[in-house]
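Asker: Per my numbering, the first sequence starts with residue 46, numbered consecutively.
To start, I am sharing the structure in question, which I have written as structure tokens.
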Amino acid sequence: MRMSKLLMPTLREVPAEAEITSHKLMLRAGLIRKLSSGIYSYLPLGLRVERKIEQIVREEMDRAGAQELLMPALLPAEAYQASGRWDVFGASMFKLKDRYDRDYCLGPTHEELFTQAVIDNVRSYKEYPMTLYQIQHKYRDEGRPRFGVIRSREFVMKDAYSFDLTEEGLDESYKAMYDAYCRIFNRLKLDFTIVDADSGAMGGSGSQEFMVKSPVGEDGIAYCDFCGYAANFEKAECIPTEVDCVEGDLAMEKIHTPNVHTIEELVDFMNAKPYNFVKTILYKADDKYIAAMVRGDRDVNEVKLKNLVGCTDDLELAEPHIVRQLTNAEVGFAGPVGLDIPVYADKEVELMKNFIVGANETDMHYKNVNMGRDFTPHTVADIRTITSGDACPKCGKPIKTAQGIEVGHIFKLGTKYSKALGLTAQTETGEEKTVIMGCYGIGVTRCLAASVEQNNDENGIIWPVAIAPYEVSVVPVNAKNDEQVKMAEEIYEKLLANGVEALLDDRDERPGVKFKDSDLIGVPARIVVGKKCGEGIVEYKLRGEANAVEMPVSEAIESACKFINENK
RNA sequence: CGGGAUGUAGCGCAGUUUGGUAGCGCAUCUGGUUUGGGACCAGAGGGCCGCAGGUUCAAAUCCUGUCAUCCCGACCA
């Protein structure tokens, strides 16, 4: 491609809307442009990268035996109504009506449609197992689109669905996708971690997420360098830790704590440590209210708690007026003693003695409270969120935490959708079996952003060869120097002839501009034709390395071809 | 959905307090000089000042409403 003809509107200054590195660079390098909140256009360079990622995903899915097909994005409501998800998705689904007032939505994910496709088109048990996939635009009306294409309302997703007749079959299908995902993210040169995840409302028995560690990631992950354990915060099991407590069988005592609402204020007021307190937090679980107790320096894990309570809707903090009604006190003084709703206590509370809790009376706390003696919880379980330094649930060594961008997610769905929609198969013995499903997603456009987030420097993007929009740029230093231009043209043609995706910077710009653009858009290798052109010497430089090397033209072309082929 | 902020040229911003001809830098176009890390000189084009009402002789500026965008939080199958 000749850069004089390339639609590549690079920006010197960063648009004010961009906050994180990948978003800034994707805008500056002319990869994407925002059309509306969470809705982006892909310009030529961005599209080339996106297509390359798609292609890698496609190759590995095909290699794993999955078959590609394409569903519509505009979907009639029926399928989602049958599975109940028309309501479950609620506001996060783009819903619309046709001219006859019939309900439609823009597909947020396609479990129902794939299930229906198998019902409609698979006629014999002999066709199983089967894994189908598509690479398609997905639509989710996010409450808060963020970070460019990392959380957008329209995005490209690869979604795959496996159909098996046995649990063992599901395990195999799942493993095949797991392996394919590892190959995909390796080929994309993403530094990723696989974590155990909560299966959430997708249902099912197991799930893992592929996370790219990054400070801008929206998920917390806990991992252990010693044994390899890794899990999403939502899922990571917590080992209760003992802390110093006041010893002895002390009588419970009510104390006056005026205007002291938070743990921090209490710590100062009572001259105790945060871990000597137990906080009691009231939640709305569907139509009921419950209380959750965790140590003062811990956080309630709402996902764990929700799974434990078994409610349909997500937990919500109880409204202040409800808190007042249930505790007869202002917010900040809730405690388990005398509380008339189910109390879920974290396992750690069990290990504590003579701790401090709210007294369900404004400006009052109890001290020397003991579980079992002063109150009895409805359930004691692991309901807190893991933190850095906690014991690894597998090997007991200190665990580390990080933020991660979720680029892939694999689920064992089980029979949730096949049951709801009636996908069964008659086996050879005549038995009617409900088909067992798995689902597997990759955020293609999110991978693009994750890659930029992971591969950049102060000058711009540093693409891995496999997904670079172009592989080598050829830069004649002076566009008015015929000798340089001629040599650059020749190099460019030779690269093309060798199957290298080359860019020729034939713009009449000063060299600085060309170098800056080449670096900004992240072309992996560069050949500069300059002063020593007459001697047949050019300069060869890799984007990821600091210094350029002078060498004869033929050697530079050879080096570039070799580098590209070895790193594809 | 709660809290905060911002809407002025393609991008970054000033001007709004105290109403009076809409500005600066970059980018773009023309001509010239330049040519190894975002050149210089001269000239030019480009604006419903987010939108709609209102106040006023006069509104980017004041008032009301509305829309949009971003940030923090909530939510995220």
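Beta carbons are placed, not taken as given, at the ideal position from N, Cα and C, and that holds for glycine.
In this text, all values refer to a predicted model and were calculated from it rather than measured experimentally.
1) Which partner residues does residue 86 have in the DSSP bridge list?
2) Excluding the 5 residues preceding and the 5 following residue 569 in the sequence, name in chain order all residues of the same chain whose CB lies nearer than 8 angstroms to its CB.
3) Report all residues from its chain with a CB closer than 8 angstroms to the CB of residue 296; omit the five preceding and five following residues, and keep chain order.
4) Determine the direct distance from the alpha carbon of residue 255 to that of residue 265, and round the result to whole angstroms.
5) Using 10 angstroms around the beta-carbon of residue 81, count the other beta-carbons present and answer buried if the total reaches 16, otherwise exposed.
6) Starting from the C-beta of residue 97, find all residues in its chain whose C-beta is less than 6 angstroms away, skip the five residues before and the five after it, and write them out in chain order.
7) Is the CB-CB distance between residue 489 and residue 203 below 8 angstroms?
8) Whole angstroms are fine: how far does the CA of residue 424 sit from the CA of residue 445?
9) Quick one: grab the DSSP three-state call for residue 332.
10) Can you say whether residue 366 is buried or exposed, counting buried as having 16 or more other CB atoms within 10 angstroms of its CB?
11) Measuring CA to CA, which of 200, 160 and 157 is closest to residue 621?
12) Considering only C-alpha positions, which residue in the set 595, 566, 579 and 605 is nearest to residue 48?
13) In whole angstroms, what separates the C-alpha of residue 280 from that of residue 241?
14) Measure how close the beta-carbons of residue 67 and residue 77 come, nearest whole angstrom, since I'm counting them as under 8 angstroms.
15) Measuring alpha carbon to alpha carbon, tell me which of 257, 222 and 252 ends up nearest residue 237.
16) Please determine, among 602, 422 and 344, the residue with the shortest C-alpha to C-alpha distance to residue 433.
17) Under a three-way DSSP split, which group does residue 106 fall into?
18) To test your reading of the DSSP string, which unbroken beta strand (DSSP E) runs of 3 or more residues are found completely within the stretch 505-544?
19) Could you spell out where the alpha helix (DSSP H) holding residue 565 opens and where it closes?
20) Hey, residue 262 and residue 448: beta-carbon distance below 8 angstroms or not?
21) Tell me where the beta strand (DSSP E) around residue 244 begins and ends.
22) In chain order, what residues of the same chain have a beta carbon less than 8 angstroms from the beta carbon of residue 298, not counting five sequence neighbours either side?
23) Could you check which residue in 176, 437, 194 and 376 has the C-alpha nearest to that of residue 307?
24) Whole angstroms are fine: how far does the CA of residue 179 sit from the CA of residue 171?
25) Please give me, in chain order, every unbroken run of the beta strand (DSSP E) with length at least 3 that falls completely inside the stretch 313-400.
26) Note down, one range per segment and in chain order, each beta strand (DSSP E) of at least 3 residues found wholly within the stretch 110-180.
Answerer: With the given structure in hand:
1) Residue pairing for residue 86: DSSP places it in a beta bridge opposite 78.
2) Contacts found: 507, 508, 509, 510, 513, 516, 517, 587, 588, 589, 608, 609 and 612.
3) If we look at residue 296 and ignore the five residues flanking it on each side, its Cβ neighbours are 413.
4) In this model, residue 265 and residue 255 are separated by some 12 angstroms (Cα to Cα).
5) Note on residue 81: under 16 other CB atoms within 10 angstroms of its CB, so exposed under the neighbour-count rule.
6) The beta carbon of residue 97 lies closer than 6 angstroms to those of 512 in the same chain, with the five residues before and after it left out.
7) Pairing residue 489 with residue 203 gives a Cβ-Cβ distance under 8 angstroms.
8) Using only the alpha carbons, I get a separation of about 29 angstroms.
9) If DSSP states are grouped into helix, strand and coil, residue 332 belongs with coil.
10) Classification for residue 366: exposed.
11) Residue 621 is absent from the model: the chain starts at 46 and stops at 613.
12) Nearest neighbour of residue 48 by Cα position, chosen from 595, 566, 579 and 605, turns out to be 566.
13) Rounded to the nearest angstrom, the two C-alpha atoms are 7 angstroms apart.
14) Contact flag wrong, Cβ pair sits at about 10 angstroms.
15) The option with the nearest alpha carbon to residue 237 is 257.
16) Looking only at 602, 422 and 344, the smallest Cα-Cα distance to residue 433 is reached by 344.
17) Residue 106 sits in a helix when the DSSP states are folded into three classes.
18) Listed in chain order, they are 517-521.
19) Looking at the DSSP string, the run of the alpha helix (DSSP H) that includes residue 565 is 556-565.
20) Contact flag set, yes.
21) Going by DSSP, residue 244 is part of no beta strand (DSSP E) at all; its letter is neither H nor E.
22) Within the same chain, Cβ atoms closer than 8 angstroms to the Cβ of residue 298 are found at 411, 412 and 413, the five residues on either side in sequence being excluded.
23) Cα-wise, what sits closest to residue 307 is 376.
24) Their Cα atoms are separated by approximately 23 angstroms.
25) Segments of the beta strand (DSSP E) lying fully in the stretch 313-400: 323-330, 333-340 and 388-391.
26) Fully enclosed beta strand (DSSP E) runs of no fewer than 3 residues occupy 119-121, 140-142 and 148-151 of the stretch 110-180, in order along the chain.
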